[in-house]
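One structure is given here, and the rest of the page talks about it.
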Amino acid sequence: MTCRNLILILGDQLSANLAALRHADPARDRILMAEVWNEATYVKHHKKKIAFIFSAMRHFAEELIAGGWQVDYVALDDPANSHSLTGELARAAERHHPERVIVTEPGEWRVRQMLESWGDVPLDLLEDDRFLCSHAEFAQWAEGRKQLRMEYFYREMRRKTGLLMDGDEPAEGKWNFDADNRKPASADLFMPRPARTEPDDITKAVLALVGDRFADHFGDLEPFWFAVTADQAQAALDGFIAEALVSFGDFQDAMVRGEPFVYHSVLSAYINAGLLDPLDVCRRVEAEYRAGRVAINAAEGFIRQIIGWREYVRGIYWHTMPGYERKNALGATRPLPWFYWTGETDMMCLAEAIGQTKREAYAHHIQRLMVTGNFAMLAGIDPHQVHEWYLAVYADAFEWVELPNTLGMSQFADGGLLASKPYAAGGNYMNKMSNYCRSCRYDVKQRTGPEACPFNALYWDFLARNREMLNGNPRLGPVYRTWDRMEETKRRETRESAAAFLAGLE
Ligand code: FAD
Ligand code: DLZ
Ligand code: SF4
Numbered sequence: 000m001t002c003r004n005l006i007l008i009l010g011d012q013l014s015a016n017l018a019a020l021r022h023a024d025p026a027r028d029r030i031l032m033a034e035v036w037n038e039a040t041y042v043k044h045h046k047k048k049i050a051f052i053f054s055a056m057r058h059f060a061e062e063l064i065a066g067g068w069q070v071d072y073v074a075l076d077d078p079a080n081s082h083s084l085t086g087e088l089a090r091a092a093e094r095h096h097p098e099r100v101i102v103t104e105p106g107e108w109r110v111r112q113m114l115e116s117w118g119d120v121p122l123d124l125l126e127d128d129r130f131l132c133s134h135a136e137f138a139q140w141a142e143g144r145k146q147l148r149m150e151y152f153y154r155e156m157r158r159k160t161g162l163l164m165d166g167d168e169p170a171e172g173k174w175n176f177d178a179d180n181r182k183p184a185s186a187d188l189f190m191p192r193p194a195r196t197e198p199d200d201i202t203k204a205v206l207a208l209v210g211d212r213f214a215d216h217f218g219d220l221e222p223f224w225f226a227v228t229a230d231q232a233q234a235a236l237d238g239f240i241a242e243a244l245v246s247f248g249d250f251q252d253a254m255v256r257g258e259p260f261v262y263h264s265v266l267s268a269y270i271n272a273g274l275l276d277p278l279d280v281c282r283r284v285e286a287e288y289r290a291g292r293v294a295i296n297a298a299e300g301f302i303r304q305i306i307g308w309r310e311y312v313r314g315i316y317w318h319t320m321p322g323y324e325r326k327n328a329l330g331a332t333r334p335l336p337w338f339y340w341t342g343e344t345d346m347m348c349l350a351e352a353i354g355q356t357k358r359e360a361y362a363h364h365i366q367r368l369m370v371t372g373n374f375a376m377l378a379g380i381d382p383h384q385v386h387e388w389y390l391a392v393y394a395d396a397f398e399w400v401e402l403p404n405t406l407g408m409s410q411f412a413d414g415g416l417l418a419s420k421p422y423a424a425g426g427n428y429m430n431k432m433s434n435y436c437r438s439c440r441y442d443v444k445q446r447t448g449p450e451a452c453p454f455n456a457l458y459w460d461f462l463a464r465n466r467e468m469l470n471g472n473p474r475l476g477p478v479y480r481t482w483d484r485m486e487e488t489k490r491r492e493t494r495e496s497a498a499a500f501l502a503g504l505e
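Numbering (numbering that gives the first Met the number 0), first residue to last: 0 to 505.
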């Protein structure tokens, strides 16, 4: 059978208004979706992440079929599955003899390269207009700028969308209310849990498949409660707006033992896979603010994450790839400690963040940045290994968003392209923003010796070790002056303590 065009839909393109679908004709074109081993194993993704993507793909294919589309869906256990995206394109091309293959541009450079170098049938890549800022627009914004700071990019996106704008002015006269969003949260506050979806028959079949075929991958497969359709993701958004948004701003940076989600939305996996439209989500949040139900610091804090950070990191990714993935400005080479895969460590903050990552394929931003990320940077872990870990373990991880967050924001491996200074902190920060330290075997107040919180000596050791690279950074001037004022013996003991801890890591 022949078709006019073959439309390839990838696992993170599950949106009814996808560019490739808008350009297609259900009567003459055929859709291809494929679960392939290569995509599930190029890093060993968390079991929950694979189950989420496969189940959401299967549900989306069903919706397309119900909407009158002709869909070739290749399941993982199809005996003829070639297990690569290009292999499946080639097989579909043999079946249908299309004139052209149409794909909405892939989110990852690796996949784009793979498709572009597959030459059997002419290929059209369509711009992914689920994002606000095109590659060309970002390049234009970046051109001639010495520093690519998110804040200025974000203001452009506010103007472009009109979100939280009163005419030409930002709502309530300020662009950014981040200073109001750093309150610690006490464990006795009520913290809502994200909406849970009961697995249906499709999801149950996927769970059985993933449990069987990916048993050696990281993470707990069940309980599995992710939304896997656009309607279910909308229900999760409704739940966030009704229960958590109001406190999102105040407690955005807070960490609480036993509370993996605090007041975060837990929507990133749904947005990234295409089940929720990012601009719709922001408009819903703005409406809550305009109706007087949430304060500006909650609405602005949330919207900034999506039209600011999310769009910005995507811009940075495509602006710097290929090459960005190999950045290692601080020359860090230590292997990733094994406890990143088990959560078995006496450091309570790391045990919590990694333990919940294993259970939920989720950790919120401050856990990723200031606990697992901060530790890896202070300990001098090879940023490429850190990158592969983050890409594998989170349900929302796709390279375009994960890589700049990891290499740039959290590891300073791009030398400061993305962050104006390393996000480095000792135990004080953790003690201020969390209740982890109270139940940790280490003493957050001590800097040296076997009982001392390892973050303290590691923090100073990191600064001393990387002085040549970081000395010129004006934001670090006061910290280096404090270090220089310390007694020589204290400095030596600090570095010896850090060295002893690091030796123990290996
Ligand atoms: P909320 O806190 O509720 O924020 C709302 C939304 O804003 C999120 O759903 C997400 O879409 C967006 N957002 C927030 N922060 C960022 C950010 N820094 N970059 C891009 N979007 C953002 N996010 C991913 O989506 N995928 C990743 O692979 C990923 N890897 C990360 C790795 C590191 C080292 C760090 C520090 C951050 C990473 N982030 C990543 C960003 C952020 O941590 C997650 O988006 C957020 O924790 C998702 O949880 P949430 O939906 O509850 O977010
Ligand atoms: C992450 C992922 C996984 C686990 N499996 C598939 C798959 O079987 N088929 C597919 O089309 N996409 C999958 N993906 C997403 C891709 O690996 C890739 O990250 C995105 O399409 C972005 O380019
Ligand atoms: Fe983490 Fe140190 Fe606090 Fe323990 S004392 S939880 S290691 S910051």
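In this text, a Cβ means the ideal position worked out from N, Cα and C, and glycines have one as well.
Residue i vs residue j beta-carbon contact at 7 Å
| i | j | result |
| --- | --- | --- |
| tryptophan 340 | phenylalanine 454 | no |
| aspartate 71 | leucine 31 | yes |
| alanine 394 | phenylalanine 53 | no |
| glutamate 107 | glutamate 398 | yes |
| arginine 99 | glutamine 69 | no |
| leucine 13 | alanine 55 | yes |
| glutamate 285 | leucine 131 | no |
Secondary structure of residue i, DSSP reduced to three states
| i | result |
| --- | --- |
| alanine 451 | strand |
| alanine 33 | strand |
| valine 312 | helix |
| arginine 333 | strand |
| methionine 346 | coil |
| valine 261 | coil |
| serine 83 | coil |
| tyrosine 428 | helix |
| isoleucine 201 | helix |
| tyrosine 389 | helix |
| isoleucine 8 | coil |
| proline 25 | coil |
| aspartate 119 | coil |
| leucine 220 | coil |
| glutamate 38 | helix |
| proline 183 | coil |
Per-residue burial, residue i [other beta carbons within 10 Å of its own, 16 or more giving buried]
| i | result |
| --- | --- |
| tryptophan 459 | buried |
| asparagine 16 | exposed |
| aspartate 24 | exposed |
| proline 121 | exposed |
| threonine 527 | Coverage of the chain is limited to positions 0 through 505, which leaves residue 527 absent and any answer about it impossible. |
| methionine 408 | buried |
| aspartate 249 | buried |
| tyrosine 337 | The sequence shown places tryptophan at residue 337, rather than the tyrosine named in the question. With fewer than 16 Cβ atoms within 10 Å of its Cβ, tryptophan 337 is classed as exposed. |
| serine 116 | exposed |
| tyrosine 151 | exposed |
| phenylalanine 189 | exposed |
| glutamine 366 | buried |
| histidine 96 | exposed |
| serine 433 | buried |
| serine 438 | exposed |
| proline 334 | exposed |
| proline 382 | buried |
Check: residue i C-beta below 6 Å from any heavy atom of the ligand SF4
| i | result |
| --- | --- |
| glycine 118 | no |
| glycine 593 | What is shown of the chain runs 0 to 505, which leaves residue 593 out entirely. |
| methionine 347 | yes |
Cβ-heavy atom distance, residue i to the ligand DLZ, below 6 Å
| i | result |
| --- | --- |
| isoleucine 49 | yes |
| proline 277 | no |
| leucine 220 | no |
| leucine 9 | yes |
Proximity test, residue i beta-carbon vs the ligand FAD heavy atom, cut-off 6 Å
| i | result |
| --- | --- |
| threonine 405 | yes |
| alanine 396 | yes |
Review point. Do the region 286-303 and the region 311-320 make contact, defined as three or more Cβ pairs closer than 8 Å?
Key: no
Q. Contact between the region 286-302 and the region 214-228: three or more CB pairs below 8 Å?
A. no
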